[in-house]
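Read left to right, the sequence shown gives residues 49 to 378 (the working numbering).
Cβ coordinates follow ideal geometry from the N, Cα and C atoms, glycine included.
The next block holds one structure in the form of structure tokens; read it before the comments.
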Amino acid sequence: MGHSDPIWDHKAAIELTKDWNGIDQVVLRSPLGASVKVSLHGGQVTSWRNDRGEELLFTSSKAIFKPPKAMRGGIPICFPQFGNCGSLEQHGLARNKIWTIDENPPPLAPSDSHGKSFVDLLLKPSEEDLKCWPHSFELRLRVSLAADGKLTLTSRIRNINGKPFSFSFAYHTYLSVSDIRYVVFIAVWLTPFFEVRIEGLETLDYLDNLWQRERFTEQGDAITFESEVDRVYLSSPNVIAVLDHERKRTYVIRKEGLPDVVVWNPWEKKSKAMLDIGDEEYKQMICVDGAAIEKPITLKPGEEWMGCLEIMVVPSSFCSEGLDSLSKYL
Ligand SMILES: O=P(O)(O)OC[C@H]1O[C@@H](O)[C@H](O)[C@@H](O)[C@@H]1O
């Protein structure tokens, strides 16, 4: 755990508390009052607030905060499997395990900690895990909060010894948005625009989980929401944006080592069938995950992979500044 700015009070920046289940969680704070909560259950970020105290991640009011299942919201980590593409439990084992705090992590680039509050977590397989997935790995996660409120998650996966292994990975990021169904009419153009849209995935190929992972090509301008969506966009640009006109804010997302983007919203029928999400809550959330799914990552003994996700929230007008311009906030 650390904070690299000696002027900022270390104790105020990082606090170890218990979550609702009595499981350890780490609270990171920025000098201006932004905060992040990370539970040792799953290494899951469960809250990210800006300096006005507004929650930026979605958590279901019906979320079940009880191990061994991950709670519905925040940023669960999917590893070593995404979805049900494999023999493991849905989305792999990492999100359902108790992680530890890594007091002595191998160094990262100075930019990963400079001016930030951060914590390093570690997951190693138990004997039980090795029976389901017989690979010696170390999964390290650094969660950091910058002074300007930017959230960064850096994961490193190392093959400790033995045989090569392959895995998929995703930061299953639940963003909190205004009603995704809303349409606004701009008087000048008289064209309907959705209040919430994703930019950066136009013209990409995607695998549609609602069509047995068949491959399609995105035709629309920006991605908007009118029904259930469950897609893996392939080989996307490293910066994408989620615009929320109603709340006048844009999530700018940059990823490294994570070529794919999962976009998921369960919509009405599926939400009603799920125990841990309110019937109407699908309107207030979208999952936009930085992921490596289509081409699993393979590590030989001793090799390490790194996947990083940065999210910044910036005030926005209705018209996007364009992704190149938005990148300057990261
Ligand atoms: O209910 P879970 O296991 O958290 O998964 C939620 C959803 O996660 C998405 O990422 C998957 O693409 C969906 O198919 C899945 O339904």
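Per DSSP, residue i is paired with what?
i	result
His89	Ile146
Phe264	Tyr254
Pro363	Arg297
Val225	In DSSP, Val225 forms no bridge with anything.
Gln73	Thr65 and Ser87
Ile112	DSSP lists no partner for Ile112.
Lys164	Ala194
Tyr281	Tyr254 and Val309
Asp337	Val310
Phe241	Val232
Ser319	Answer by DSSP bridge pairing: none, since Ser319 is not bridged.
Trp96	Val84
On the criterion of 16 or more Cβ atoms from any shown chain inside 10 Å, does residue i qualify as buried, or is it exposed?
i	result
His162	exposed
Pro54	Its pLDDT being 49, under 50, Pro54 is placed unreliably in this model, and the value from its coordinates should be taken loosely. The residue is exposed, with fewer than 16 neighbouring Cβ atoms inside 10 Å.
Lys376	exposed
Leu249	buried
Val231	exposed
Trp214	Per the sequence shown, residue 214 should be read as Ser rather than Trp. Under this definition Ser214 is an exposed residue.
Gln30	This structure cannot speak to residue 30, because the chain is shown only from 49 to 378.
Leu199	buried
Trp68	exposed
Asp372	exposed
Cys180	exposed
Glu379	Look at the range of the chain in this structure, 49 to 378, and you will see that residue 379 is not part of it.
Ser135	exposed
Gly121	buried
Asn313	buried
Ser159	exposed
Ile112	exposed
Gln260	exposed
Ala61	buried
Asp292	buried
Lys164	buried
Thr251	exposed
Leu323	exposed
Pro182	exposed
Lys85	buried
Thr221	buried
Thr148	exposed
Leu171	buried
Is the separation between the beta-carbon of residue i and that of residue j shorter than 8 Å?
i	j	result
Gly90	Ala118	yes
Asp150	Asp168	yes
Ser224	Met333	yes
Glu262	Ala289	no
Ala142	Leu187	yes
Glu12	Asp227	Here the chain covers residues 49 to 378 and nothing more, so residue 12 does not appear.
Glu103	Ser95	yes
Leu258	Glu274	no
Asp308	Gly197	no
Ser83	Val75	yes
Tyr330	Glu316	yes
Phe166	Arg190	yes
Cys126	Phe217	yes
Ile71	Ile123	no
Lys348	Asn207	yes
Leu80	Ala194	no
Glu358	Leu378	yes
Hey, does residue i have any beta-carbon neighbour from chain D nearer than 8 Å?
i	result
Val336	Checking the listed chains, one finds no chain D in this structure; it contains a single protein chain.
- Query: Quick check: the stretch 334-347 against the stretch 279-287, are there 3 or more CB pairs under 8 Å?
  - Reply: yes
- Query: Would the stretch 130-140 and the stretch 347-355 be scored as touching if the rule is three or more Cβ pairs under 8 Å?
  - Reply: no
- Task: Could I get the ranges of all uninterrupted beta strand (DSSP E) runs contained in the stretch 170-227, with 3 residues as the minimum, in chain order?
- Result: 184-194, 199-209, 213-219 and 222-224
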